[in-house]
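Trainee:
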């Protein structure tokens with residue numbers, strides 16, 4: 001949808017998702033969420049025009065990037081690799097074209113190896129991406145349009 005946020009959430013199973021939706025209290029919801037949600041993709045197109053790339057590259061404003069992919073770890077890395085790579089490969093091809101395979105391999109490396117590291121900002125086929133590997137299968141990938149210089 002134009003100028004709104006679209007979020008995809010990946011859960012451990014449909015049953016876990018439904019149990020989460022029927023949680024009797026907020027505390028139960030939060031405790032179940034930590035055991036079921038393992039990856040999110042957020043798309044916020046309004047951030048493209050609102051925040052220039054130079055601003056979004058700072059750690060303070062990086063949350064304003066138009067695309068954000070987060071792996072929450074918690075032992076679900078194999079589920080992502082086994083069940084969602086087709087989706088992620090298609091997403092990366094849409095965003096990065098001929099550099100999609102490199103991006104996909106890098107994400108797979110972080111999921112398999114679980115290593116931490118330093119945030120890096122690099123240009124990939126006209127888009128700019130930051131990687132924040134946090135270790136233990138957790139990482140944040142923020143993707144920006146290479147505009148608003």
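In my numbering, the protein residues as written are 1 to 149.
No residue lacks a Cβ here, since even glycine has one placed at the ideal position from N, Cα and C.
(1) Would you identify the three-state DSSP class for residue 13, choosing helix, strand or coil?
(2) Could you tell me whether the Cβ atoms of residue 138 and residue 31 are closer together than 7 angstroms?
(3) Pull up the distance between the alpha-carbon of residue 142 and that of residue 91, whole angstroms please.
(4) Have a look at residue 7 and residue 55 and give me their C-alpha separation to the nearest angstrom.
(5) At the 7 angstroms Cβ level, is residue 87 part of the contact set with chain D, yes or no?
(6) Using C-beta distances below 7 angstroms, list every residue in its chain close to residue 165, excluding the 5 sequence neighbours before and after it, in chain order.
(7) List, from N- to C-terminal side, the alpha helix (DSSP H) runs of 4 residues or more that fit wholly inside the stretch 27-51.
(8) Quick check on this structure: which residue in 9, 17 and 130 has the alpha carbon closest to the alpha carbon of residue 107?
(9) Give me the residue from 135, 124 and 114 with the minimum Cα distance to residue 95.
(10) With residue 150 and residue 16 assumed to form a contact (beta carbons below 8 angstroms), what rounded beta-carbon distance in angstroms separates them?
(11) Can you tell me whether residue 105 is buried or exposed, with buried defined as 16 or more other CB within 10 angstroms of its CB?
(12) Please name the residue in 80, 81, 78 and 46 whose C-alpha comes closest to that of residue 66.
(13) Just to confirm before moving on: does the CB-CB distance between residue 111 and residue 77 stay below 7 angstroms?
(14) Does DSSP put residue 23 in a helix, a strand or coil?
(15) Kindly indicate which three-state DSSP category residue 128 falls into: helix, strand or coil?
Mentor: On the basis of the coordinates in this document:
(1) coil
(2) no
(3) 13 angstroms
(4) 23 angstroms
(5) Structure shown: chain D not included; a single protein chain is present.
(6) Outside the displayed span of the chain (1 to 149) sits residue 165, for which this structure offers no information.
(7) 46-50
(8) 130
(9) 124
(10) Residue 150 is absent from the structure shown; the chain starts at 1 and stops at 149.
(11) exposed
(12) 46
(13) yes
(14) coil
(15) strand
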